[in-house]
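Notes follow once the structure below has been shown.
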Amino acid sequence: TGTNLLEEAEKYLARCIEGLRQVANVGHVYANT
61 TGTNLLEEAE KYLARCIEGL RQVANVGHVY ANT
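Structure follows, in structure tokens:
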């Protein structure tokens, strides 16, 4: 179960990072306009 938790945390973190990256990209575009 320990590894399962780790996998879940990894997926969660990856999703958060993806979201942050998208927000950063949008911010970039917004700042450049």
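The opening position of the sequence shown corresponds to residue 61 in our numbering, with each subsequent residue numbered one higher. The beta carbon of each residue, even a glycine, is placed where N, CA and C say it ideally should be.
| said: Given this structure, state the Cα-to-Cα distance separating L65 from T93, to the nearest angstrom. | reply: 42 Å
| field | Neighbourhood of A74 by C-beta distance below 6 Å, restricted to the same chain and skipping five residues each side | value | none
| query | T63 by DSSP, collapsed to three states: which one? | reply | helix
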